[in-house]
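Only one structure is covered here, and it is reproduced in the block below.
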Amino acid sequence: MPADGDFQSFCLSPSKPKFRPPPGAVDGHCHVFGPAAKFPFAPERKYTPYDAPKEKLFALRDFLGFERNVIVQASCHGTDNAATIDALQASNGRAHGIAVVKSDISDAELRNMDAAGMRGVRFNFLPRLVDATDPTVHLALANRVAGLGWHVVVYFEAPSLAKMVPFLQALPTAVVLDHMSLPDAAKGVDHPDFQAYIEVLAENPKLWVKVTGPERISKSGPPYNDFVPLARALVNRFPDRVLWGTDWPHPNMTTHMPDDGVLTDMIPRIAPSAAQQKALLVDNPMKLYWER
Ligand code: 0GY
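The opening residue of the sequence shown carries number 3 in the numbering used here; numbering runs sequentially from there.
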């Protein structure tokens, strides 16, 4: 069971968003957890979530008005991707996935994952979620998955930016940064730290960024007003390298559990024009995950 203080589950009755996603819209960052009876959590996990099975994810997708999902393997399932793969296989081609794998995974296993719908690997650098891995190990794996046409998703926190830059530059594939690398929302968009982040993205055209995670990044809480200028700056500057997702079922939330309808209604605040919304929700994820 989850630790005391964690929220018991995702929002069970999200509000119906006023914003209608464009046809073909992708929820580009979400997870499935368990059910634990069928897909046990990893022994090395740092948290234990409540079950968040694929049926609930697909129902949320339909309720919010999305057509597709990108399901990201979360640390609580370690390198056993069975729950994620099970969801991909049940999605009728409407989901692709990002895996977390051991460095000694065989080429045959990688090809099987590709056939199941995986399109990349995730490297997680958050000490609260995983034990550290030598970046050279990640790099060797990235060089292998590049041959499959996969890309790499990297999750790190803003204070690590300078340390991460050489690693990001060395990666051979497109690189997607999770949750805008968790900037300090209190500092704001004009702070040198966020401007440095924008510069790193500007200098490296392989970098993509998920304008996700207001529930994690905002200091002000719902409706996440302090998150908006940060995400909007990235959408304005890099309209063809941004992705959006709910982050359902929102593991490790200790302040509140977000309403996924409220999160969806943030889209027009961070991507005001129809062209930006189509790029963010349809064209960009389709290019990265569905068209290889
Ligand atoms: C997320 C973020 C978190 C968790 C994980 O792999 C994970 O366990 O990604 C987090 O706690 O910030 O992407 O949902």
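No residue lacks a Cβ here, since even glycine has one placed at the ideal position from N, Cα and C.
{"Check": "Option in Val244, Asn254, Pro274 with minimal Cα separation from Leu290", "Outcome": "Val244"}
{"Check": "Meets three-Cβ-pair contact criterion under 8 Å: the region 187-206 and the region 149-156", "Outcome": "no"}
{"Check": "Contact test: Asp29 Cβ vs the ligand 0GY heavy atom, cutoff 7 Å", "Outcome": "no"}
{"Check": "Any non-hydrogen atom of the ligand 0GY within 7 Å of Tyr157 CB", "Outcome": "yes"}
{"Check": "Cβ-heavy atom distance, Pro253 to the ligand 0GY, below 7 Å", "Outcome": "yes"}
{"Check": "Close beta carbons around Arg218, own chain, < 7 Å, minus the five adjacent residues each side", "Outcome": "His181, Leu184"}
{"Check": "Cα-Cα separation between Ile200 and Phe68, rounded to whole angstroms", "Outcome": "29 Å"}
{"Check": "Straight-line gap, Asp6 to Gly122 (C-alpha atoms, nearest Å)", "Outcome": "Confidence at Asp6 is low in this model, with a pLDDT of 45, below 50, so the placement of that residue should be treated as unreliable; the coordinate-derived value is given next. So the two alpha carbons sit approximately 33 Å from each other."}
{"Check": "Three-state secondary structure assigned by DSSP to Val191", "Outcome": "coil"}
{"Check": "Cα-Cα separation, Met3 to Phe229", "Outcome": "Residue placement at Met3 cannot be trusted, given a pLDDT of 48 that sits under 50; what the coordinates show is reported in the next sentence. For Met3 and Phe229, the distance between alpha carbons rounds to 31 Å."}
{"Check": "For Asn71 and Pro270, the rounded distance between their alpha carbons", "Outcome": "19 Å"}
{"Check": "Proximity below 8 Å, CB of Gly99 to CB of Gly119", "Outcome": "yes"}
{"Check": "Burial state of Ser220 (16 or more Cβ within 10 Å)", "Outcome": "buried"}
{"Check": "Exposure label - Leu14; buried when at least 16 CB within 10 Å", "Outcome": "exposed"}
{"Check": "Leu232: CB within 7 Å of a non-hydrogen atom of the ligand NAD", "Outcome": "With respect to small molecules bound, the structure shown includes the ligand 0GY and not the ligand NAD."}
{"Check": "Distance cut-off 7 Å: Cys78 Cβ against heavy atoms of the ligand 0GY", "Outcome": "yes"}
{"Check": "Own chain, CB closer than 6 Å to Leu131, minus 5 neighbours either side, in chain order", "Outcome": "Lys48, Ser77"}
{"Check": "For Gly95, three-class secondary structure by DSSP", "Outcome": "coil"}
{"Check": "Close beta carbons around Asp285, own chain, < 8 Å, minus the five adjacent residues each side", "Outcome": "Asp242"}
{"Check": "Beta-bridge partners of Tyr157, as assigned by DSSP", "Outcome": "Asn126"}
{"Check": "Asn83: CB within 7 Å of a non-hydrogen atom of the ligand 0GY", "Outcome": "no"}
{"Check": "Start and end residues, alpha helix (DSSP H) containing Lys48", "Outcome": "Element bounds for Lys48: n/a, residue is neither H nor E."}
{"Check": "Coil, strand or helix - Phe240 by DSSP", "Outcome": "coil"}
{"Check": "Cβ distance (whole Å) where Ser105 is taken to contact Leu143 below 8 Å", "Outcome": "5 Å"}
{"Check": "Closer than 7 Å: His33 CB and nearest the ligand 0GY heavy atom", "Outcome": "yes"}
{"Check": "C-beta atoms of Leu265 and Val28 nearer than 8 Å", "Outcome": "no"}
{"Check": "Separation of Lys189 from Asn94, as counted between CA atoms", "Outcome": "43 Å"}
{"Check": "Collapsed DSSP secondary structure at Ala101 in the structure displayed", "Outcome": "strand"}
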